[in-house]
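Asks: First residue of the sequence shown: 2, per this note's numbering; consecutive thereafter.
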Amino acid sequence: MSKENPIPENEFERLATLKRYNILDTLPDHAFDDATKLVSYICGVPIAHISFIDESRQWFKSEIGIGVSEVPREISFCQYTIMESKMVEINDTFLNERFKDDPNVTGGFKIRFYAGIPLTTPDGFNIGTICAIDHVTKTLDENQRNALSIVAKHVINQLEVQTKNIELATQKKLQNVLFWQKTVSWPI
């Protein structure tokens, strides 16, 4: 099967925004792990993750039931989810033309159900996804869909807070350096 690899029209800006968050290849974080556990619980699925998509890979910030830290972008379901503005729900991958022959459906993770929501920044860039995955067919109810949307917003808010805290700390250090340069005379 020849699969097209979708690239968002704003890919350059999307990647710059992703890099601004300094989230890739970071250590585990309880806030993200708790969100992933919540998704698994809400949807009753054995696989859930929060991931970010860069030029070549889907990197998992937090995951349950996957056991790897990244997969190539071209074999990820989420490369399609970041192209959307709302949740993508595939109730039965065997009946989906795009995914029925996918190695992660026919083997690999044996994905039969997929629900993914793009992680959309306040400035409108889809930098990653939050997903619920199962080995059996499934349909989420409206409460589950709403809860997933809320968790996705929480993840973005967490990223925003972390980034702002880092920026403030950097700014404070710079101000301290400038202050000391002004008040301390250095002997020549």
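Ideal Cβ placement from N, Cα and C applies to all residues, glycine included.
(1) Are there 16 or more other CB atoms within 10 angstroms of the CB of L179, so buried, or fewer, so exposed?
(2) With a threshold of 7 angstroms on Cβ separation, who are the neighbours of Y81 within its own chain once the five nearest residues in sequence on each side are excluded?
(3) From the DSSP output, in three-state form, read off H155 for me.
(4) For F114 and T138, I'd like the C-alpha separation in whole angstroms.
(5) Would you kindly check if the distance between the Cβ of E64 and the Cβ of S77 is under 9 angstroms?
(6) Whole angstroms are fine: how far does the CA of K165 sit from the CA of K173?
(7) Less than 9 angstroms separating the beta-carbons of A153 and I118?
(8) Leaving aside the five residues before and after P73 along the sequence, list all residues of the same chain whose C-beta is less than 8 angstroms from its C-beta, in chain order.
(9) Using DSSP with H/G/I as helix, E/B as strand and the rest coil, what is T130?
(10) Tell whether a beta-carbon distance below 9 angstroms holds between V40 and C132.
(11) What span of residues does the beta strand (DSSP E) with I51 cover, start to end?
(12) To the nearest angstrom, how far is the alpha carbon of T171 from that of T121?
(13) Go through its chain and collect everything with a Cβ distance to V106's Cβ below 6 angstroms, but skip five positions before and after it.
(14) If we call anything under 9 angstroms between Cβ atoms a contact, is I151 one with H50?
Replies: Once the coordinates are examined:
(1) As a working mapping, residue 179 is identified with position 178 in the sequence shown. Flag for L179 reads exposed.
(2) Numbered from 1 along the sequence shown, position 80 holds the residue referred to as residue 81. If we look at Y81 and ignore the five residues flanking it on each side, its Cβ neighbours are P7, V89.
(3) Here residue 155 refers to the residue found at position 154 when the sequence shown is read from its first residue. Looking at H155 - three-state DSSP - the assignment turns out to be helix.
(4) Taking the first residue of the sequence shown as position 1, residue 114 is located at position 113. Taking the first residue of the sequence shown as position 1, residue 138 is located at position 137. Between F114 and T138, the C-alpha separation is close to 5 angstroms.
(5) As a working note, residue 77 is residue 76 in the sequence shown. As a working note, residue 64 is residue 63 in the sequence shown. Not in contact: S77 and E64 (Cβ atoms no closer than 9 angstroms).
(6) Counted from its first residue, the sequence shown places residue 173 at position 172. Counted from its first residue, the sequence shown places residue 165 at position 164. Taking the straight line joining both Cα atoms gives about 12 angstroms.
(7) Locating residue 153 in the sequence shown gives position 152, where the first residue counts as 1. Locating residue 118 in the sequence shown gives position 117, where the first residue counts as 1. Contact flag set, yes.
(8) Residue 73 sits at position 72 when you count from the first residue of the sequence shown. Hits under 8 angstroms: S57, R58, Q59.
(9) Numbered from its first residue, the sequence shown carries residue 130 at position 129. T130: strand per DSSP, three-state reduction.
(10) The count along the sequence shown starts at 1 and reaches residue 40 at position 39. The count along the sequence shown starts at 1 and reaches residue 132 at position 131. Yes; because the gap between Cβ atoms is below 9 angstroms, this pair is in contact.
(11) Translated into the one-based positions of the sequence shown, residue 51 becomes position 50. Segment 48-54, the beta strand (DSSP E) holding I51.
(12) Indexing the sequence shown from 1 puts residue 171 at position 170. Indexing the sequence shown from 1 puts residue 121 at position 120. T171 and T121: Cα-Cα distance of roughly 25 angstroms.
(13) Position 105 of the sequence shown, counted from the start, is the residue given in the question as residue 106. Result list for V106: T94, F100, I112, in chain order.
(14) Within the sequence shown, the letter at position 150 stands for residue 151. Within the sequence shown, the letter at position 49 stands for residue 50. Not in contact: I151 and H50 (Cβ atoms no closer than 9 angstroms).
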